[in-house]
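Undergrad:
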Amino acid sequence: MRNTAAAAVLGALSLFAAACGGTAGTESGGSAGGGTFTFAINSDPGVLDPAMGVLSVTNTVLSFAYDTLVYNGPDGKVLPGLAEKWDVKPDSVTFTLRKDVTCSDGSRLTPADVAANVNHIADPATKSSVYGVFIPIGMKAVADDAAGTVTLSTPKPFGFILESTPQVFIVCGKGVKDRSVLAHATSGSGPYKLTEAVPSDHYTFEVREDYTWGPGGATTKESGQPAKIVLKVVPNEQTAANLLISGGLNGAVVYGADRARLEALPGMGKMVLPAGNGQFLYHQGDDRPAKDPAVRKALTQAVDLKELAGIASGGTGRPATGLVLDPRPCQGDTVTGHVPAFDAAGAAAALDAAGWKAGPDGVRAKDGKKLTLRLLYGTTRGAGVQAAVEYLAAAWKKAGADVTLNGVIDTKLSESLNVTQDYDVVWLPIGVTLPSQLVGFMSGPAAPKGGNFAHIANARYEKLVSEAVLKPGAEGCKLWLESESALFENADLVPVVENTVLVATKNAKFELVAGQFSPTSIRMTEAG
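Residue numbers for the sequence shown follow the numbering used here, beginning at 783 and rising by one.
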């Protein structure tokens, strides 16, 4: 497996872990040709190599410069992208590429380029963060330049072999031969080209006027298409809201207290979207209290999850029903009836039975070791998350734990999960589009050698997913759904609430499709 910064793929750091598609925008006034579209991102994207795209904000930035073989449609169907057609078998998919696609340096996209991308990610030496998530373990790619095709194959049948490809950005041109240029630049076939990168400040893109191969045949010659894109790093949500109101931004995603303020403003484009679950996971390393399932279940029982859901979402959330974003390939509620119910007295009794006895200071201990919990969380998701972790800390202190809060920026969260492992519980929202994308995080080699950052060892989950992955999508759904419930029943992962976000815009409109920004949908509008 690989050492991966799992936080982002799971959506913890997501700019939008938005699920169903929709359009955000102000409708007053007509289209305004050209111009600059300025959008707020809540953290710096870091390294821009798609093979190392560990942050969701990174993938948002990359979406302007890169294309994918196929796209997710708003109804969950797969749509043509760089590939105009495909042939799916249980253990392979062959894509026929469009012949008119060029890279930003003017070179033609070839099947060999596509194959090189997949094989680079699948090479263990690359240590790609998306290997085993977007690119299945053992996948290989073979190009046939004469036929204009590329075939991706896996050692065993893989039920989502086609559906896993919309998340893989394809590098072309000089970036294929020299990946080092991708650290702070782009080399793609997308509708925009990165022209300026100022880390922690802004990223500027200019339109490619020759672009004609977007989703559904989209081009960059439509009325109102911006000539320039500026992605401005604005970590503070209140600042982003103020800039949006004053006209300093055309769009932003808002999670917290400023959401109500923007929703009440006339003339502001507004769209509310699901944004992945608010949830927490216990570290199950050999030296951690939560190694014992009785402790995990007791700590979960000690929390009123319904009350916590309202706090975490600011009252704007919905009951969590699963781990995968809509449109889900497998429909069903995997949460209800599978999470330990709130029972403070029962939690105390369970901790007593597990050998954790309360001391004179109220803190429980076992074998001379105190019940200490370091609760890790990201600081870029708004005031709701801060309030949620404070509520958790209070509940666990009442149950007899010594709790320390550790709020960190996105990149530090990733480091803590996968390198330093300096936490016992982590609040980590989720944002995957396929259940297979969870497997490398919920099982297998533990961090820092693998992606299993919480050291989960759930035999039932592993058995179910090993069977599900061999079956075509719908056929394996019963097993995929059962596998999620197995995680909840064992208190490996505790779903709290399905979050929603406000996508607010001013003098512009654009679409989000299946959780991804659609750059070719952006239209500047005149103020009405």
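Just so it is clear, CB atoms sit at the ideal spot from N, CA and C, and this is done for glycine as well. From a predicted model like this one, the values you see are computed outputs, not experimental measurements.
Beta carbon of N1289, beta carbon of N1032: below 7 Å?
TA: yes
Undergrad: Give the C-beta separation of T876 and T933 to the nearest angstrom, bearing in mind that I take them to be a contact with Cβ-Cβ under 8 Å.
TA: 4 Å
Undergrad: Quick check on this structure: which residue in R1100, S982, D1068 and D905 has the alpha carbon closest to the alpha carbon of V1279?
TA: R1100
Undergrad: Decide if the stretch 1052-1061 is in contact with the stretch 1099-1118; the criterion is three or more beta carbon pairs, one per stretch, under 8 Å apart.
TA: yes
Undergrad: Is I1304 helix, strand or coil when you go by DSSP?
TA: strand
Undergrad: May I ask you to report which of helix, strand or coil DSSP gives A1183?
TA: coil
Undergrad: Taking 7 Å as the CB-CB cut-off, is S969 touching chain D?
TA: The structure shown has no chain D; it contains just one protein chain.
Undergrad: Could you give the distance in angstroms between the alpha-carbon of F821 and the alpha-carbon of V1012?
TA: 6 Å
Undergrad: Considering only the alpha carbon of each residue, which of D873, T1001 and D1274 lies closest to Y1243?
TA: D1274
Undergrad: Identify which residue in A1000, G1030, Y1037 and L976 has its Cα closest to the Cα of K1010.
TA: L976
Undergrad: Mind reading off the beta-carbon distance from P948 to Y853? Whole number of angstroms is fine, and I expect it under 8 Å.
TA: Right, the Cβ-Cβ distance comes to about 5 Å (below 8 Å), so this counts as a contact.
Undergrad: Report the CB separation of T892 from D927 in whole angstroms; it is logged as a contact under 8 Å.
TA: 6 Å
Undergrad: Can you tell me which of D905, G1096 and D1108 puts its alpha carbon nearest to the alpha carbon of A856?
TA: Correcting the residue type first, residue 856 is Pro in the shown sequence and not Ala. Comparing Cα positions, the closest option is D1108.
Undergrad: Going by the CB atoms, is the gap between I1093 and V1147 shorter than 7 Å?
TA: For the record, residue 1147 in the displayed sequence is Ala; it is not Val. It is not a contact, given that the beta carbons lie outside the stated cut-off.
Undergrad: My output table needs one value for T1116: the three-state DSSP class, helix, strand or coil.
TA: In this structure, T1116 counts as coil in the three-state DSSP scheme.
Undergrad: Give the list of continuous beta strand (DSSP E) stretches no shorter than 3 residues that lie fully inside the stretch 926-956.
TA: Listed in chain order, the complete beta strand (DSSP E) runs (minimum 3 residues) inside the stretch 926-956 are 931-935.
Undergrad: Thinking P1277 and V1171 are a contact (beta carbons under 8 Å), I'd like their distance in whole angstroms, please.
TA: Wrong, their Cβ atoms sit about 16 Å apart, outside the cutoff.
Undergrad: Decide yes or no for the touch test of the stretch 916-923 against the stretch 1180-1196: beta carbon pairs closer than 8 Å, at least 3 of them.
TA: no
Undergrad: Report back the beta-carbon spacing between G996 and T1202 to the nearest angstrom; my notes put them in contact at under 8 Å.
TA: 41 Å between Cβ atoms; not a contact.
Undergrad: When DSSP labels each residue in this structure, what does A847 get in the three-state scheme?
TA: coil
Undergrad: Tell me the rounded alpha-carbon separation between V1295 and V1185.
TA: Near 40 Å, if we compare the C-alpha coordinates of V1185 and V1295.
Undergrad: In whole angstroms, give me the CA-to-CA distance for S1248 and A1241.
TA: 11 Å
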